[in-house]
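Read the structure below first, then the notes.
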Amino acid sequence: MGLLKVTKDLFTVNETPSTDTATAEPAETGKTEITYQDYGYHQASLLGGSIAGLRVCLQKIYYDFKERIKNDKERQDELKKPMKVKLEEHKGDIERWENRIKKIKEEDLPALLRKIDTLKEDKKHIRENPQEIVGDLTGRPSFYIGCFILATLTVYLFVFYSSASYSTFFKEFKLGDIGVANAIFDAEALSNSLKRGITQLLLIITIPSVFLGLGYLIHKFQEEKGAQKYVKIATLILITFVFDGILAYEITEKIYDIKRYDIIDRVVPEYTIALAFHTINFWLIIFAGFIVYLIWGFVFDFVLAAHGKIDKVNVALKEKDKQIQDVNIQVSDLHTGVDKLTHYIDDAKTQIKKLQEAIAGVIIPGEFETCMYSFMAGWLAWMSGAGKSGTELDTAENIVREFIGTVTYTTPKIDDL
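Residues 134 to 550 (my numbering) are what the sequence shown spells out, left to right.
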């Protein structure tokens with residue numbers, strides 16, 4: 134039998150399965166009921182299992198199946214119902230997202246931008262009216278003046294205590310050095326100490342740090358609460374006074390001994406503490422160091438207090454900057470949110486378009502694949518029984534699978550409910 138006649142018979146003879154696509158029941162031809170598998174076996178026997186005949190059969194089955202499902206309005210409505218529900222869901226999502234975007238652009242963003250403007254005005258107000266933060270207008274000038282005075286006093290104390298320490302521990306006085314000024318302000322204290330060794334130089338350089346450290350401790354104790362802090366402060370002041378007294382005593386003793394040994398016409402008593410208390414140079418050395426040391430401590434407290442006032446302004450400004458930064462992050466998050474919502478809307482519109490196209494077309498139910506695979510099983514069964522090679526069977530199977538893949542890709546299709 135020629136292929137042309139077989140093809141003609143396929144389109145004219147009403148022996149194809151007339152199954153109800155809603156139930157996928159076997160087709161009937163007259164009083165004989167056959168399945169798609171039987172139909173596949175029958176057609177393969179008629180066409181000799183040829184590839185060309187297989188392709189024709191696949192097209193005819195698809196065409197007949199599509200026509201039947203297309204004319205079944207009730208089934209089409211049933212198949213399209215989930216799509217219509219999904220379509221309405223997408224429309225609802227779009228409406229909700231658009232309302233959210235509108236609220237962000239018309240309410241949320243303007244509110245945040247107004248908040249940023251308010252914070253910037255607050256910063257400007259703080260700069261123009263720092264007294265509202267620190268309580269007075271002299272904080273910054275007082276701080277710089279205090280820093281200058283503190284720096285000069287620090288240099289003075291360094292020179293005084295380094296020279297006095299050198300004179301006390303290492304200097305050998307001569308008749309030309311018996312002046313107090315030469316003792317406590319020795320211009321060659323550092324250079325002479327270096328000549329004696331690096332260790333001696335380090336000692337002379339670091340001794341002033343001891344007194345500065347005591348002054349810093351006094352300041353820290355003042356920050357404590359309770360009466361105990363006054364005991365600590367008094368103890369540190371007493372220690373400093375005693376240390377200065379020892380330096381003064383050693384220096385004035387050396388000066389006194391030089392003078393005593395130079396006098397040969399009368400007996401001069403040895404230098405004692407009682408005698409030191411009656412010596413003006415003793416008190417001069419103490420006050421040149423100890424009083425300036427106390428002044429340094431007061432100025433140090435004042436400078437830190439002034440810095441604290443300035444720092445209050447800086448802290449207030451930094452806090453406003455942090456608040457502005459936080460609000461800017463919120464603004465950025467809202468813009469990011471708008472972009473995401475816009476992307477969601479675009480995706481939803483794309484899905485709506487696809488659903489509308491699918492609803493307007495013919496929906497192929499998932500049972501179509503089952504029918505096609507049943508047909509393929511019958512076709513392959515005949516080929517196997519007819520002694521066809523494995524390669525021919527694989528080719529036929531691949532053709533059916535490719536056809537199913539093409540149909541399901543190019544036509545709207547959903548799984549059975």
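Cβ atoms here follow ideal geometry from the backbone N, Cα and C, with glycine treated the same way.
Predicted model, so just to flag it, every value in this text is computed and none were measured.
If I'm right that residue i touches residue j with Cβ under 8 Å, what's the distance once you round it to whole angstroms?
| i | j | result |
| --- | --- | --- |
| Ile351 | Leu336 | Actually they are not in contact, since the Cβ atoms of Ile351 and Leu336 sit about 24 Å apart, beyond 8 Å. |
| Tyr294 | Phe344 | 6 Å |
| Val471 | Gly279 | Not really, about 53 Å apart at Cβ, beyond 8 Å. |
| Ala439 | Phe276 | 4 Å |
| Leu474 | Arg233 | 6 Å |
| Ile563 | Leu467 | Since the first residue of the chain shown is 134 and the last is 550, residue 563 is not available in this structure. |
| Met216 | Leu513 | In fact, because the Cβ distance is near 35 Å, the residues do not count as touching under 8 Å. |
| Lys365 | Phe376 | The pair is not a contact, with the Cβ atoms about 17 Å apart (cut-off 8 Å). |
| Phe508 | Ile202 | The pair is not a contact, with the Cβ atoms about 16 Å apart (cut-off 8 Å). |
Tell me which same chain residues have a C-beta within less than 6 Å of the C-beta of residue i, skipping the five on either side of it?
| i | result |
| --- | --- |
| Ser298 | Ile337, Ile340 |
| Val464 | Leu245 |
| Phe415 | Ala381, Thr385, Ala409 |
| Leu502 | Correcting the residue type first, residue 502 is Glu in the shown sequence and not Leu. Within the same chain, Glu502 has close Cβ partners Ile537. |
| Gly430 | Gly348, Ile351 |
| Val460 | Leu245, Lys248, Ile249 |
| Met505 | Ile537 |
According to DSSP, simplified to helix, strand and coil, what is residue i?
| i | result |
| --- | --- |
| Ser263 | Here residue 263 turns out to be Pro, not Ser, going by the sequence shown. Pro263 falls in the coil class under three-state DSSP. |
| Phe411 | The amino acid occupying residue 411 in the given sequence is His; Phe does not appear at that position. If DSSP states are grouped into helix, strand and coil, His411 belongs with coil. |
| Pro402 | coil |
| Glu535 | helix |
| Gly359 | coil |
| Gly330 | coil |
| Ala160 | Interpretation of Ala160 is limited by its pLDDT of 47, a score under 50 that renders its predicted location unreliable; the figure taken from the coordinates is listed afterwards. Note: Ala160 maps to strand in three-state DSSP. |
| Ala155 | In this predicted model, Ala155 has a pLDDT of only 30, less than 50, meaning its place in the structure is not dependable; the value taken from the coordinates is given anyway. The answer is coil: DSSP assigns Ala155 none of H, G, I, E or B. |
Using alpha carbons as the reference points, say which of the options lies closest to residue i.
| i | options | result |
| --- | --- | --- |
| Ile457 | Phe198, Lys256, Leu212 | Lys256 |
| Ile413 | Gly378, Val432, Asp444 | Gly378 |
| Glu200 | Glu530, Val495, Thr483, Leu408 | Val495 |
| Leu347 | Ile372, Tyr363, Ile331 | Ile372 |
| Val218 | Lys365, Ile485, Asn262 | Ile485 |
| Leu283 | Asp480, Asp434, Asp444 | Asp434 |
| Ile478 | Arg188, Gly225, Leu191, Gly186 | Gly225 |
| Ile406 | Glu383, Phe420, Ala421 | Glu383 |
| Asp210 | His223, Ile497, Gly518, Thr528 | Ile497 |
| Leu220 | Asp480, Ala529, Trp515, Glu525 | Asp480 |
| Gly441 | Pro263, Ser342, Glu403, Ala529 | Pro263 |
Spatial neighbours of residue i within its chain, please: C-beta separation below 7 Å, excluding the five flanking residues on both sides.
| i | result |
| --- | --- |
| Lys521 | Gly182 |
| Tyr289 | Val425 |
| Val432 | Gly279, Ile282, Leu283, Leu286 |
| Lys164 | For Lys164, the predicted structure reports a pLDDT of 43, less than 50, and the residue's modelled location is therefore unreliable. The matter cannot be settled from this model. |
| Phe420 | none |
| Lys362 | Phe354, Gln355 |
| Gln515 | One detail in the question is off: residue 515 reads as Trp in this sequence, not Gln. The answer, listed in chain order, is Tyr174, Ala177, Ser178, Gly182. |
Examine the ligand SAM and report whether any of its heavy atoms sits within less than 7 Å of the Cβ of residue i.
| i | result |
| --- | --- |
| Lys193 | Absent from the structure shown: the ligand SAM. Ligands present: none. |
Just to confirm my understanding: we take residue i, look at its own chain, exclude 5 residues before and 5 after, and list those with CB closer than 8 Å. What are they?
| i | result |
| --- | --- |
| Ile428 | Leu286 |
| Ile259 | Glu265, Ile266, Val446, Ala449, Leu450, Lys453 |
| Ala510 | Gln170, Gly173 |
*Which whole runs of the beta strand (DSSP E) in the segment 458-531 are 3 residues long or more, in chain order?*
none
_Minimum length 3: unbroken beta strand (DSSP E) runs contained in the segment 162-245_ = 165-167
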